[in-house]
Amino acid sequence: MTVSFLSMQDVAMPNPRSHRNSAFHRLLAVIRELLGNPSSGFGFIVISILLLTALVAPLIAPYDPNVIDLGQTLQAPSAQHWFGTDELGRDILSRIIYGTRISLTIITIVSVIVGPVGLVVGTTAGYFGGWYDTIMMRITDIFLSFPSLILSLAFVAALGAGLENAIIAIGLTAWPPIARLARAETLTFRGADYISASRMQGASPLRIIVKSIMPMCLPSVLVRITLSMATVILTAAGLGFLGLGAQPPLPEWGAMIATGRRYMLDNWWLVAFPGGAILLVSLAFNLLGDGLRDALDPKQR
Amino acid sequence: MGNERLSAFTRQAGTILATLVGLLILTFCIGRLMPVDPVRAIVGEEADQATYEMVAERIGANLPLYQQFIRYMNDLLHGDFGISIRTGQPVINDILHVMPATIELATFAILFGAGIGIPLGILAAVRRNRPVDHVIRFVTLIGHSMPIFWTGMIGLIVFYAVLDLVGGGGRLSDYYIGLVPETTGFLLIDAVLAGDWEVFWDAVNHLLLPASILGYSSMAYITRMTRSFMLDQLNQEYIITARVKGLSKGRTVWHHAFANIRVQLVTIVALAYGSLLEGAVLIETVFSWPGFGQYITNNMLIGDMNAVMTCVLLVGIIFIALNLLSDALYKIFDPRTR
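Protein chains in written order, with the working numbering: chain Z, 14 to 314; chain P, 141 to 478.
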């Protein structure tokens, strides 16, 4: 108990500079630990490459991803087109490179929706308990009683196909596990001495939840979000494949596979490379999540 | 004691009921949100205003939302799930018709996933943190990270187009379709009943690839859970006792540790079986498998409201039922939880 008390003191230290410094050092330590393990290191590097690629896509893509060249349709991989060309003569490598931007958009928006919503629902339900807790947990149960793809499918069918609606639908289905986790964590902290101490000092429930409970839930929530990004990538690709997510000509990987499907028996590269990209990113998130769990959450080791 | 059990039972029943009502509200909302005018879908584009209003009156489309919801619940209680706009049949008949294909697929998939996943999990636990453990984790994780529709296509390219080892899309080759009378809807069983072994083996041939890909995707979960259950057991003192008194390692693992995790494994496999539905949606599309997954997607794509609502409701009910079933199995077979 003393340990957590001390660490809370540490976070609340008045000097902002040393605070930022220690956070930076902690981040470095975490990254060092991630890189020290081959599997989480692989995940970390792949995700870093994904971020970088999305950032500089126009600089490294050899061709314009949307330019149609009917003289160059369905070319097999060659020195000119490393990953071949599709049925409209577009360079597949360039489309995959630009597709990282779509994947990154999906991941960012979904985590920005899902993290705070899950955290707020979970911590308040766990802290206040009573009927509020019951109602919130019933709602999460209902959402959890669907496989995420089927519920997102239903939401997209209701909202209309398209990338924006796919992102909203995925966000709607991805928060319940996080709320569950945050609630479970909150329940273990709720009775802790430092919470009672701040309550006795007159801190409001809002202050206690935001200042004392949420920071304690953050590591496991972060791990959970990272792991669920693997599912998010797969769900988004699945929606794109079924024609309910990103629409052509957007170079979304799932949609690329869907259009390539018609030609796949003779032109394997149309589906092989975009699918390989999805597999790589999803695998990387799974490995990174496992590594983060070991680094941030030693009690689960 | 009896009183306590009764109150626990009522609490559980209340929870289930609340979840079911919530599920109904959710499906109802999805149905109302859909950009489809239910009246227009019935009367068609050319109908005049009078017909339109008459139909709207009959199906209650002009009532306030809460009354529509009550009507919806009432219809469901009478077993009326609505008429599919696409086929003109009661939705529930359509679903009963496509269900066997999916159950056949999912059952083979889970046999594959659990049949390989459980031994792998045990092996990983016994060889904890050795290279074998890491290889198993990585291989199963790939199955979990693959976009299953993509794996299906690559499988078709390699095993059907190039190697010609398995059948292509669909449940049967074209020239076998309709040869056996449909009694149960389960092709394998129907073929056996009709005594037509050629059809039987053709069906197996078509089932092999989609079922193993679907099973592979569930293997990561099964293996990981098996491994952690086994580790819990292997770290306990009775295992050391068994080893000290001279039992072989294999006997200790299989007769002692494994015997103790069987119940947990059954519950895990039950849950994994349910989540195969998700993969089934995609794999059925790739393999033109005429099952529940394809039925859902087709209806979502064309916006057949009644069919979508019923499918979503059904999936939710299947999941809740599987959860309850796995809890119940736990209580029945594991005396420690009583």
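Ideal Cβ positions, reconstructed from N, Cα and C, are used throughout, including at glycine. Quantities reported herein were computed from a predicted structural model and do not represent experimental measurements.
- Message: If the cut-off is 9 Å on Cβ atoms, which residues from the region 281 to 304 of chain Z count as contacting chain P, listed in chain order?
- Response: Listed by position along the chain: W281, V284, A285, P287, G288, G289, I291, L292, L293, V294, S295, L296, A297, F298, N299, L300, D303.
- Using only alpha-carbon positions, find the residue among Z/L101, Z/R275, Z/V294, Z/R306 that is nearest to Z/G84. Among Z/L101, Z/R275, Z/V294, Z/R306, the Cα nearest to that of Z/G84 belongs to Z/L101.
- For the alpha helix (DSSP H) that P/Q208 lies in, which residues bound it at each end? 205 to 217
- Query: Between the C-alpha atoms of P/L260 and P/V409, what's the straight-line distance to the nearest angstrom?
  - Reply: Near 14 Å, if we compare the C-alpha coordinates of P/V409 and P/L260.
- Query: Looking only at C-alpha atoms, which of Z/R39, Z/A205, Z/Y111, Z/L292 sits nearest to Z/P71?
  - Reply: Z/Y111
- Task: Apply the 10 Å Cβ neighbour rule to P/V393 and answer buried if 16 or more other Cβ atoms are within range, or exposed otherwise.
- Result: buried
- Using a Cβ cut-off of 7 Å (strictly closer), state whether P/A87 contacts chain Z. One cannot answer for residue 87 of chain P here, as it falls past the ends of chain P, which runs 141 to 478.
- Task: Identify every residue that forms a DSSP beta bridge with P/P230.
- Result: P/I223
- How is Z/D104 classed by DSSP in three states: helix, strand or coil? strand
- Message: For a quick check, are the C-beta atoms of Z/A195 and Z/T136 less than 7 Å apart?
- Response: For Z/A195 and Z/T136, yes; Cβs fall inside 7 Å.
- Could you name the residues of chain P that Z/A250 contacts, counting a contact when the two beta carbons are closer than 7 Å? P287
- Note the first and the last residue of the continuous alpha helix (DSSP H) segment covering Z/T199. 176 to 203
- Pick helix, strand or coil for Z/T98, following the three-state DSSP scheme. strand
- When the cut-off is 7 Å and only beta carbons count, does Z/I163 lie next to chain P? yes
- Query: Is DSSP giving P/N439 helix, strand or coil here?
  - Reply: helix
- Task: Using 10 angstroms around the beta-carbon of P/M174, count the other beta-carbons present and answer buried if the total reaches 16, otherwise exposed.
- Result: buried
- Query: Would you call the region 353 to 370 of chain P and the region 249 to 269 of chain P touching, i.e. three or more CB-CB distances under 8 Å?
  - Reply: These segments touch.
- Task: Measure the C-alpha to C-alpha separation of P/M194 and P/D188 and round it to an integer number of angstroms.
- Result: For P/M194 and P/D188, the distance between alpha carbons rounds to 10 Å.
- Task: Can you tell me which of Z/S158, Z/I44, Z/G54 puts its alpha carbon nearest to the alpha carbon of P/V156?
- Result: Reading the sequence as shown, one finds Ile at residue 156 of chain P and not Val. Selected option, being the one with the closest Cα: Z/S158.
- Query: Among residues of its own chain, excluding the 5 on either side of P/Y212, which ones have a beta-carbon nearer than 7 Å to its beta-carbon?
  - Reply: F168
- With a cut-off of 7 Å, does the C-beta of P/L422 fall near any C-beta of chain Z? yes
- Message: Going by beta-carbon coordinates alone, are Z/G265 and Z/G253 separated by less than 7 Å?
- Response: According to the sequence provided, residue 265 of chain Z is Glu. The question's Gly does not apply to it. Contact annotation: Z/E265 and Z/G253 have beta-carbon atoms nearer than 7 Å.
- Task: Starting from the beta carbon of Z/G184, find every residue of chain P whose beta carbon is closer than 7 Å, and list them in chain order.
- Result: One finds nothing in chain P with a Cβ atom closer than 7 Å to the Cβ of Z/G184; even the nearest lies about 16 Å away.
- Using the C-alpha atoms, what's the distance from Z/V127 back to Z/F156? 13 Å
- With P/N400 as the anchor, note down where its alpha helix (DSSP H) starts and where it stops. Counting along the chain, the alpha helix (DSSP H) containing P/N400 begins and ends at 398 to 426.
- Item | chain P within 7 Å of Z/L255, Cβ atoms only | yes
- Start and end residues, alpha helix (DSSP H) containing P/H274: In the DSSP annotation of this structure, the continuous segment of the alpha helix (DSSP H) that includes P/H274 starts and ends at 271 to 285.
- Task: Output yes or no for whether 7 Å exceeds the beta carbon distance between Z/V234 and Z/L132.
- Result: yes
- Task: Figure out for me which residue from Z/I291, Z/R306, Z/G251 has the closest Cα to the Cα of P/I282.
- Result: Z/I291
- Output yes if chain Z places a C-beta closer than 7 Å to the C-beta of P/F459; else output no. yes
- Start and end of the alpha helix (DSSP H) containing P/W341? 337 to 374
- Query: Going straight from the alpha carbon of P/A399 to that of P/A412, what length do you get?
  - Reply: 20 Å
- Message: At the level of alpha carbons, what is the spacing between Z/I73 and P/F278?
- Response: 31 Å
- Task: Name, please, each residue of chain Z whose Cβ falls closer than 7 Å to the Cβ of P/I297.
- Result: M277, L278, W281
- Have a look at Z/G142 and Z/M269 and give me their C-alpha separation to the nearest angstrom. 47 Å
- Taking the C-alpha atoms as reference points, what is the distance between Z/G258 and P/Q373? Looking at the two C-alpha atoms, the distance is approximately 45 Å.
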